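*Asks:* This is the structure, below, for whatever I ask next.
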Amino acid sequence: MINFHPSTQQIESFVAGVLEPAEALMVSAHCDMCKHCQALERQCTDDIATSSIDDVAESFDPAFDVMLANITQQPAAERASQFIRQRESAKPVTIELDGRVFQLPRSLQRYAGKIGNWSSLVGKLWQAPVDLGNEGVAYFIYMGKGGSVPEHTHRGSEMTLVLDGEFEDGVNRYDTGDFCCMNGENTHAPV
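Counting from 1, position 29 in the sequence shown corresponds to residue 760 in our numbering; the numbering is continuous, with no gaps.
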């Protein structure tokens with residue numbers, strides 16, 4: 732069960748398109764995995780869309796309402812429906828490390844071909860860089876059962892999305908789908 736989520740402000744900012752790219756990717760991937768946040772994302776999207784339409788409608792003449800009503804009454808385009816069917820029937824995209832296979836959330840699937848080589852850090856900890864293009868680099872981190880990271884704090888922020896498994900850090904226990912954000916005020920020791 733997912734217990735840790737992005738803040739409502741993060742989801743609102745994600746929907747508004749104002750998050751930094753790496754944070755937007757993390758929030759999007761979490762929403763792919765979390766029904767609760769999917770509902771919040773839909774509600775924020777509806778609120779922004781309604782607000783935008785109201786703002787635009789106020790600046791146009793009355794014919795705008797007629798035009799908008801005509802557009803919204805049209806049947807869905809076949810091409811869009813075909814795209815949705817293809818996306819829903821697509822095979823899950825996975826990554827592999829040491830014989831273990833992990834399914835990627837939909838928003839991370841486009842980066843599957845941009846994952847660098849896995850490298851061992853310390854103990855049972857591995858990392859693989861993910862090239863985000865002009866947006867920078869993110870990392871997949873794998874911690875084997877019984878692995879640990881020494882107690883530490885962060886400069887800036889660290890966002891973690893648990894794709895598979897669980898860990899605890901002396902503060903909380905995180906499970907598949909959980910989203911956590913640490914900054915310089917936090918000290919933890921993941922195990």
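C-beta: ideal position from N, C-alpha, C; glycine also.
As the structure is a computational prediction, the values presented were derived from the model and not from experiment.
Going by DSSP, what residues sit across from residue 862 in a beta bridge?
*Replies:* 868
*Asks:* DSSP three-state call for residue 735: helix, strand or coil?
*Replies:* coil
*Asks:* With 8 angstroms as the threshold, decide whether the Cβ of residue 837 is near any Cβ in chain D.
*Replies:* Judged by its chain identifiers, the structure shown contains no chain D, having just a single protein chain.
*Asks:* Tell me whether the region 890-903 and the region 859-866 touch, counting them as touching only if at least three CB pairs, one residue from each stretch, are closer than 8 angstroms.
*Replies:* no
*Asks:* Would you report the Cα separation of residue 902 and residue 920, rounded to the nearest angstrom?
*Replies:* 9 angstroms
*Asks:* Under 8 angstroms, do residue 912 and residue 905 count as touching if we go by C-beta distance?
*Replies:* no
*Asks:* Within its chain, find whatever has a CB closer than 7 angstroms to the CB of residue 866; leave out the 5 residues flanking it on each side and keep chain order.
*Replies:* 752 and 753
*Asks:* Mind the definition here: the region 755-764 touches the region 825-840 only if three or more C-beta pairs lie below 8 angstroms; say whether that holds.
*Replies:* yes
*Asks:* Using the Cα positions of residue 740 and residue 746, report the straight-line distance between them to the nearest angstrom.
*Replies:* 10 angstroms
*Asks:* So which of 823, 872 and 909 has the shortest CA-CA distance to residue 847?
*Replies:* Closest option to residue 847, Cα to Cα, is 872.
*Asks:* Quick one: what does DSSP say residue 775 is sitting in, helix, strand or coil?
*Replies:* Helix at residue 775.
*Asks:* If we require 3 or more residues per run, which beta strand (DSSP E) segments fall completely within the region 890-915?
*Replies:* 897-899, 904-906 and 910-914
*Asks:* Suppose you measure from the CA of residue 886 to the CA of residue 757; what does that come to, to the nearest Å?
*Replies:* 19 angstroms
*Asks:* With which residues is residue 856 paired in a DSSP beta bridge?
*Replies:* 874
*Asks:* Report buried or exposed for residue 897, applying the criterion of at least 16 other Cβ atoms within 10 angstroms of its Cβ.
*Replies:* exposed
*Asks:* Using the beta-carbon count (16 or more within 10 Å), is residue 870 buried or exposed?
*Replies:* The Cβ neighbour count for residue 870, taken over all protein chains shown within 10 Å, is under 16; the residue is labelled exposed.
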